[in-house]
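Student:
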Amino acid sequence: MAAENLTVVVEFILLGFSDQPKLQGFLFGIFLVIYLSILIGNGLIIVITKVDPALQTPMYFFLGNFSFLEICYTSVTLPRMLINIWTKKRNISFVTCAIQLGFFLILGNPECLLLGVMAYDHYVAICKPLYYPLIMNHNLCVQLVAGSWSIGIPVQIAQTYQIFSLPFYGSNKLDHVFCDPRPLLRVACKDTFVNELSIYASAMLFVMIPFLLILWSYIKIMPVILKLPSITGRYKAFSTCSSHVMVVGLFFGSIIITYLQPKSSHSVKNEKIFSLFYTILTPMFNPLIYTLRNKDVIVALKKLLPKCGGTKNR
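Residue numbers in the sequence shown follow my numbering, run continuously in steps of one, and reach 1561 at the last position.
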C-alpha cells in the first residue's frame, strides 16, 4: 500500500462527464456542433473585418482579433474533450496536461484584456467623438492588441510551472473536463495555499482589473448616451454597447463565479458547468451576438456570402 501511495503520477484521468455514460453520444454531438459553429462563426467575423472596407475601424479591428482569440482559446480544450468522449480514453499525459493548462491560462488573459480594450474604444467613441481618430489611431490599436496578447505570458508560464512542480502521488483523477488549476491542486500531495493565493492574485490582476475598467467605461458612457438629442443616435449607441455588455456579462460572470467564490459554497459539479460557459458558450455566442445586433456586420455578411456562392457555382 505504501508503494502504491508513493507512485509518481505520469498521467492524469479527466473524468469529465463520465458519470453520465448514457449521455456520451449526445454530449459528443452537442460539443461537435458547438465547436464547428465557433470555427465558422468567428471565422466569418475575421474574414469580413479584413475584407470589407466599411469595417476598417478600430472597433472591428478589435472584434476580429477577439474572434481569432476565441478560436484559439476554444481549440485548447474542446478538441481534446471530443477525443476523450469518442474514444472513451480519458487519460492525458503529465506533459500534455501542463501544455494544455499553460495555453489555457495564456490565452485566457488576452480574452479579459481585449474585452477591456473594446470597452475603452466604446468610451472614446461616445464620450470623446471629436478626438476619436486622434486617440484611437492605428499604432495605438496595434499596441493595445499586442499588449493584450503578450502582457500575461510570463506570469502564466510561471504559474503553470509552479503548479506542475508540486508532487503528485497516488490519485491522478481530475474531476473536470480539462486541465484546470483547481482540480490539479486538489490532487497535489502538498499544502497548496501559496498556489491558491497565486491563482487568486492572477484572477484579481487579469480578471477583476479589466472588469473594473469595463464597469468604469460604461458608468461614463451611459449619461452621455442618455443626453444624445437624436433617438436614432441613442438607439445606435445602445445597440453597439449592448452586444459588448452581453459578451462581458456571460464571460466575466462565469469566471467570477468559478474562481472567486468562497470554498464553503464551492461545488465541483458547478465548477465544471461554469467552466463550459467561459470556454465554450461565450465563443459560440460571440458571433451571434455581434451579428444579430449589428447592422454593419449583417450588411458585410450579405455582401460576402453571395460572392462565396458565386465562386462555388463557377
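The beta-carbon is built from N, C-alpha and C at its ideal position, and this holds for glycine as well.
Remember, it's a predicted structure, so these values are computed and weren't measured experimentally.
#1: If you compare alpha carbons, which of 1433, 1531, 1498, 1442 is closest to residue 1279?
#2: Taking 8 angstroms as the cut-off, decide whether the C-beta atoms of residue 1449 and residue 1406 are in contact.
#3: To the nearest angstrom, how far is it from the Cα of residue 1300 to the Cα of residue 1269?
#4: Identify whether residue 1398 lies in helix, strand or coil by the three-state DSSP scheme.
#5: Rounded C-beta distance between residue 1320 and residue 1355? I'm assuming under 8 angstroms.
#6: Alpha carbons only, please: which of 1502, 1431, 1479 is nearest the one belonging to residue 1258?
#7: Which residue's Cα is closest to the Cα of residue 1332: 1274, 1350, 1378, 1359?
#8: Assuming contact is defined by CB atoms lying nearer than 8 angstroms, are residue 1499 and residue 1458 in contact in what I supplied?
#9: Please report the straight-line C-alpha distance between residue 1276 and residue 1465, rounded to a whole angstrom.
#10: Are the CB atoms of residue 1537 and residue 1544 within a distance shorter than 8 angstroms?
#11: Taking DSSP's pairing of strands, which residues face residue 1482 in a bridge?
#12: Under the three-state reduction of DSSP, which class applies to residue 1255: helix, strand or coil?
#13: Helix, strand or coil for residue 1533 per DSSP?
#14: Between the alpha carbons of residue 1363 and residue 1348, how many angstroms are there, rounded?
#15: Determine the direct distance from the alpha carbon of residue 1386 to that of residue 1439, and round the result to whole angstroms.
#16: With a CB to CB cut of under 7 angstroms and the five nearest residues on each side skipped, what residues in its chain are close to residue 1305?
#17: Taking the runs of the alpha helix (DSSP H) that are 4 residues or longer, which of them lie wholly in the region 1345-1423?
Tutor: Result, derived from the coordinates:
#1: Looking from the CA of residue 1279, the closest CA among 1433, 1531, 1498, 1442 belongs to 1531.
#2: yes
#3: 50 angstroms
#4: coil
#5: About 7 angstroms separates the two Cβ atoms, so the contact holds.
#6: 1431
#7: Nearest option by C-alpha distance: 1274.
#8: yes
#9: 39 angstroms
#10: yes
#11: According to DSSP, residue 1482 bridges with nothing at all.
#12: If DSSP states are grouped into helix, strand and coil, residue 1255 belongs with the strands.
#13: helix
#14: 23 angstroms
#15: 43 angstroms
#16: Apart from sequence neighbours up to five positions away, the residues of its chain that approach residue 1305 with a beta-carbon distance below 7 angstroms are 1368, 1383, 1388, ordered along the chain.
#17: Entirely contained in the region 1345-1423, the alpha helix (DSSP H) runs reaching 4 residues are, in chain order, 1379-1382, 1385-1397, 1400-1411.
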